[in-house]
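Only one structure is covered here, and it is reproduced in the block below.
Protein chains: 2
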Amino acid sequence: MKRTPDIISAARGQWKEIQPELDTSSMEVVGRVLRAGAVLRQRLDTILGDEGLNRAEFDLLSALRRSGEPVTPGRLNSLMVASGAATTKRVKQLAERGLLERIRDRHDRRSARVRITDHGAELIDRAFARNLEAERELLAGMNTKQREAVAGGLAELLRSLEGSPAPAPPAPSQLE
Amino acid sequence: MKRTPDIISAARGQWKEIQPELDTSSMEVVGRVLRAGAVLRQRLDTILGDEGLNRAEFDLLSALRRSGEPVTPGRLNSLMVASGAATTKRVKQLAERGLLERIRDRHDRRSARVRITDHGAELIDRAFARNLEAERELLAGMNTKQREAVAGGLAELLRSLEGSPAPAPPAPSQLE
DNA sequence: CACCATTACTTCACTAGTAAAACACTTGTG
DNA sequence: CACAAGTGTTTTACTAGTGAAGTAATGGTG
Numbered sequence: 025m026k027r028t029p030d031i032i033s034a035a036r037g038q039w040k041e042i043q044p045e046l047d048t049s050s051m052e053v054v055g056r057v058l059r060a061g062a063v064l065r066q067r068l069d070t071i072l073g074d075e076g077l078n079r080a081e082f083d084l085l086s087a088l089r090r091s092g093e094p095v096t097p098g099r100l101n102s103l104m105v106a107s108g109a110a111t112t113k114r115v116k117q118l119a120e121r122g123l124l125e126r127i128r129d130r131h132d133r134r135s136a137r138v139r140i141t142d143h144g145a146e147l148i149d150r151a152f153a154r155n156l157e158a159e160r161e162l163l164a165g166m167n168t169k170q171r172e173a174v175a176g177g178l179a180e181l182l183r184s185l186e187g188s189p190a191p192a193p194p195a196p197s198q199l200e
Numbered sequence: 025m026k027r028t029p030d031i032i033s034a035a036r037g038q039w040k041e042i043q044p045e046l047d048t049s050s051m052e053v054v055g056r057v058l059r060a061g062a063v064l065r066q067r068l069d070t071i072l073g074d075e076g077l078n079r080a081e082f083d084l085l086s087a088l089r090r091s092g093e094p095v096t097p098g099r100l101n102s103l104m105v106a107s108g109a110a111t112t113k114r115v116k117q118l119a120e121r122g123l124l125e126r127i128r129d130r131h132d133r134r135s136a137r138v139r140i141t142d143h144g145a146e147l148i149d150r151a152f153a154r155n156l157e158a159e160r161e162l163l164a165g166m167n168t169k170q171r172e173a174v175a176g177g178l179a180e181l182l183r184s185l186e187g188s189p190a191p192a193p194p195a196p197s198q199l200e
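As they're listed, the protein sequences go chains L and R. For what it's worth, this note's numbering labels the leading residue of the first sequence as 25, then goes sequentially. For what it's worth, this note's numbering labels the leading residue of the second sequence as 25, then goes sequentially.
Here is the structure:
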């Protein structure tokens with residue numbers, strides 16, 4: 025079954041002419057992930073904008089919301105695949121908007137824990153639902169079987185790259 | 025066959041507790057693409073740095089190199105999934121480094137075409153090979169079958185999102 | 001041809017991200 | 001216990017990206 029080529033197939037063909045001996049097979053996965061990610065981000069970021077959030081803010085509030093309890097900046101870094109400096113900035117700005125707050129960690133004074141506010145939870149709940157809807161629309165060109173196939177493969181890839189997700193550290197019994 | 029969950033499965037489980045009626049199935053694809061992309065980028069960008077290029081520069085030189093002929097800024101935008109302002113900046117900086125040059129387009133004076141220099145081609149050839157090697161290492165945790173499966177699914181996704189790639193516009197017979 | 005709509009690109013003002021440095025705290029070792 | 005090594009986070013200086021505005025050119029229409 026011959027398929028219309030996607031842009032990565034086309035690119036591989038071009039590289040073959042330039043450097044015929046080069047093994048470009050990794051592009052089949054990596055090139056496609058990076059490109060699909062860029063396209064999806066470009067399209068979904070505008071939807072988030074309508075909800076008053078950018079990608080960074082959305083990711084932070086999502087991570088906090090689904091964690092269900094306060095999270096350390098270090099853990100946020102890895103949940104969001106961001107640098108410490110980026111996380112610090114994001115937390116500061118959303119704290120100023122009253123969407124989250126910092127709570128001192130009595131058990132480790134190098135750190136504070138970040139907790140979403142009620143206002144923040146309301147905002148992310150709405151934005152998240154809206155985002156899911158937009159995602160579904162973007163995936164509408166694929167049938168269920170195709171979506172499940174790529175989802176399974178991507179899960180393999182993530183496990184291969186990251187291993188299994190670390191459980192959240194135990195919440196201290198008292199935080200003030 | 026029950027698999028160790030990846031972070032997106034875990035996240036979906038968390039959302040199910042917060043909003044049980046929400047259909048989060050799109051996260052299986054979109055969430056994973058975005059996350060895998062972020063992880064891959066984080067890891068590969070350091071490799072590119074060793075070759076003296078950042079992601080933006082790498083993408084631009086790659087696009088030019090594999091095109092084999094001068095490209096308009098507008099086409100570079102879509103090849104790289106970047107805004108016009110970003111492309112302008114990238115072109116300016118790499119031109120200053122002598123890695124590419126701008127050629128006037130006699131057929132449309134709103135535009136110039138961007139051509140990679142010999143120096144630029146040497147640099148990207150080495151960087152590209154190094155990048156492929158790093159990609160292969162990152163994919164080493166997956167077997168061939170798994171890689172082919174996810175590659176196929178991702179190709180479907182890209183075609184669904186972007187359609188088939190536009191061919192390069194004909195090269196004018198004379199450019200000066 | 002004159003004029004208007006559209007297109008292609010650049011400029012501008014601002015924001016988000018990063019590595020490295022700085023600082024404070026925690027843990028390990030003798 | 002004292003000190004060194006390690007860890008967690010923030011600060012800093014800088015860079016890359018963006019939307020909107022600006023500018024020039026092209027194409028369409030009467």
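Where is the CB? At the ideal position from N, CA and C, for every residue including glycine. Source: prediction; values computed, not measured.
Q | Under 7 Å from the C-beta of R:Glu159: neighbouring residues of chain L | A | Position 135 of the second sequence, counting from 1, holds the residue named residue 159 of chain R. Within 7 Å Cβ-Cβ: Ser50 and Val54.
Q | Interface partners of R:Arg114 on chain L, CB under 8 Å | A | As a first step, residue 114 of chain R must be located in the second sequence, where it is residue number 90. Those within 8 Å of R:Arg114 in chain L number zero; the least Cβ separation is about 15 Å.
**Q.** Residues that DSSP places opposite L:Val95 in a beta bridge
**A.** Taking the first residue of the first sequence as position 1, residue 95 of chain L is located at position 71. BP columns for L:Val95 point to L:Val138.
(Q) Is the separation between the beta-carbon of L:Leu88 and that of L:Leu64 shorter than 8 Å? (A) Stepping through the first sequence from its first residue, residue 88 of chain L is reached at position 64. Stepping through the first sequence from its first residue, residue 64 of chain L is reached at position 40. No, they are not a contact pair.
Q) Going by the beta-carbon positions, is the gap between L:Val105 and R:Gln66 smaller than 8 Å? A) The sequence position of residue 105 of chain L within the first sequence is 81, counting from 1. The sequence position of residue 66 of chain R within the second sequence is 42, counting from 1. Cβ distance < 8 Å, so L:Val105 and R:Gln66 count as in contact.
Q: Measuring only between beta-carbons, confirm whether R:Val138 sits less than 8 Å from chain L.
A: Stepping through the second sequence from its first residue, residue 138 of chain R is reached at position 114. Closer than 8 Å: no.
Q: Look at L:Ile148 and L:Ser86 and say whether their C-beta atoms are less than 8 Å apart.
A: By one-based count along the first sequence, residue 148 of chain L stands at place 124. By one-based count along the first sequence, residue 86 of chain L stands at place 62. Taking 8 Å as the Cβ cut-off, L:Ile148 and L:Ser86 qualify as a contacting pair.
Q: Ignore the nearest five residues each way along the sequence and tell me which others in L:Arg59's own chain have a CB closer than 8 Å to its CB.
A: Walking along the first sequence from the start, residue 59 of chain L turns up at place 35. Excluding positions up to five away in sequence, the list reads Ile31 and Ile32.
Q. For R:Ala175 versus R:Leu68, is the C-beta spacing smaller than 8 Å?
A. To locate residue 175 of chain R, count along the second sequence from 1; it is residue 151. To locate residue 68 of chain R, count along the second sequence from 1; it is residue 44. Result no, Cβ atoms of R:Ala175 and R:Leu68 do not sit closer than 8 Å.
Q: Output yes or no for whether 8 Å exceeds the beta carbon distance between R:Leu46 and L:Leu163.
A: Position 22 of the second sequence, counting from 1, holds the residue named residue 46 of chain R. Position 139 of the first sequence, counting from 1, holds the residue named residue 163 of chain L. No, these two residues do not count as a Cβ contact at 8 Å.
Q.
Does L:Ser197 pass the burial test, meaning 16 or more other C-beta atoms within 10 Å, or should it be called exposed?
A. Position 173 of the first sequence, counted from the start, is the residue given in the question as residue 197 of chain L. For L:Ser197, the pLDDT reaches just 45, beneath the cut-off of 50, and the residue's location in the model is therefore unreliable, leaving the point undetermined.
Q. For L:Gln117, which of L:Glu52, L:Glu81 and L:Ser102 has the nearest alpha-carbon?
A. Taking the first residue of the first sequence as 1, we reach residue 117 of chain L at position 93. Measuring from the Cα of L:Gln117, the nearest candidate turns out to be L:Glu81.
Q: Assign L:Glu75 to one of three DSSP states: helix, strand, or coil.
A: Counting from 1 along the first sequence, the entry for residue 75 of chain L is found at position 51. L:Glu75 carries a coil assignment under DSSP once its states are collapsed to helix, strand and coil.
Q) First and last residue of the beta strand (DSSP E) that includes R:Arg171? A) In the second sequence, counting from the first residue as 1, residue 171 of chain R sits at position 147. Per DSSP, R:Arg171 belongs to no beta strand (DSSP E); it is in the alpha helix (DSSP H), Thr168 to Glu186.
Q: Quick one: give me the first and last residue of the alpha helix (DSSP H) that R:Glu120 is part of.
A: Position 96 of the second sequence, counted from the first residue, corresponds to residue 120 of chain R. First-last of the alpha helix (DSSP H) with R:Glu120: Gly108 to Glu120.
(Q) Threshold first: 3 residues or longer. Then list the beta strand (DSSP E) segments lying entirely within the segment 36 to 66 of chain R, N to C. (A) Counting only runs of 3 or more, we get nothing.
Q. Taking Cβ-Cβ distances shorter than 9 Å, what residues in chain L pair up with R:Gln117?
A. Translated into the one-based positions of the second sequence, residue 117 of chain R becomes position 93. Within 9 Å Cβ-Cβ: nothing; R:Gln117 doesn't reach chain L, min ~20 Å.
Q | Residues of the segment 62 to 83 of chain L whose Cβ lies closer than 7 Å to any Cβ of chain R, in chain order | A | Within the segment 62 to 83 of chain L, Ala62, Val63, Leu64, Arg65 and Gln66 place their CB atoms closer than 7 Å to a CB of chain R, listed in sequence order.
Q: Drop a sphere of 10 angstroms on the beta-carbon of L:Ser50, count the other beta-carbons inside from all chains shown, and report buried for 16 or more, exposed for fewer.
A: Sequence index remark: in the first sequence, residue 50 of chain L carries index 26 (1-based). In the assembly as shown, L:Ser50 is a buried residue. Its beta-carbon has 16 or more other beta-carbons within 10 Å.
Q. Should the segment 69 to 78 of chain R be regarded as contacting the segment 32 to 43 of chain L, the criterion being three or more beta carbon pairs within less than 8 Å?
A. By the C-beta criterion, the segment 69 to 78 of chain R is judged not to be in contact with the segment 32 to 43 of chain L, since fewer than 3 inter-stretch pairs fall below 8 Å.
Q | Proximal residues of chain R, C-beta to C-beta of L:Gly92 below 8 Å | A | Against the first sequence, residue 92 of chain L aligns to sequence position 68. Taking a Cβ-Cβ threshold of 8 Å, the residues of chain R close to L:Gly92 are Gln38, Glu41 and Ile42, in chain order.
Q. What residues from chain R crowd round L:Val95, counting only those whose CB sits closer than 9 Å?
A. Numbered from its first residue, the first sequence carries residue 95 of chain L at position 71. Against chain R, a Cβ distance below 9 Å from L:Val95 picks out nothing, because the smallest value is about 12 Å.
Q.
Excluding the 5 residues flanking R:Leu185 on each side, which residues of the same chain have their C-beta closer than 6 Å to its C-beta?
A. By 1-based counting over the second sequence, the position of residue 185 of chain R is 161. The beta carbon of R:Leu185 is closer than 6 Å to none in its chain, skipping five residues each way along the sequence.
Q | Integer Cβ distance of R:Gly177 from L:Gly177, believed to fall under 8 Å | A | As a position in the second sequence, residue 177 of chain R is number 153, starting the count at 1. As a position in the first sequence, residue 177 of chain L is number 153, starting the count at 1. Contact between R:Gly177 and L:Gly177 holds, with the beta-carbon distance rounding to 5 Å and staying under 8 Å.
Q. Hey, does L:Ser33 have any beta-carbon neighbour from chain R nearer than 8 Å?
A. For the purposes of this step, residue 33 of chain L is taken as the residue at position 9 of the first sequence. So, interface residue.
(Q) I want to verify the contact list: residues of chain R whose CB lies under 7 Å from the CB of L:Glu89, in sequence order. (A) The residue given as residue 89 of chain L occupies position 65 in the first sequence. For clarity, residue 89 of chain L is Arg in the given sequence; the question names Glu instead. In chain order: Ile42.
Q | Chain-ordered neighbours of R:Glu186 on chain L, where CB pairs are closer than 8 Å | A | Taking the second sequence and counting its residues from 1, one reaches residue 186 of chain R at position 162. At a beta-carbon threshold of 8 Å, the residues of chain L lying near R:Glu186 are Asp30, Ile31 and Val63, ordered along the chain.
Q) With a CB to CB cut of under 7 Å and the five nearest residues on each side skipped, what residues in its chain are close to L:Phe152? A) Taking the first sequence and counting its residues from 1, the one referred to as residue 152 of chain L is at position 128. The answer, listed in chain order, is Ser86.
Q) Taking the DSSP output, what are the residues bridged to R:Ile126? A) For this step, residue 126 of chain R is matched to residue 102 along the second sequence. Reading the sequence as shown, one finds Arg at residue 126 of chain R and not Ile. Within the DSSP secondary-structure output, R:Arg126 pairs in a beta bridge with R:Val138.
**Q.** Burial state of L:Asp74, where buried means 16 or more other Cβ atoms lie within 10 Å
**A.** The count along the first sequence starts at 1 and reaches residue 74 of chain L at position 50. That one is exposed.
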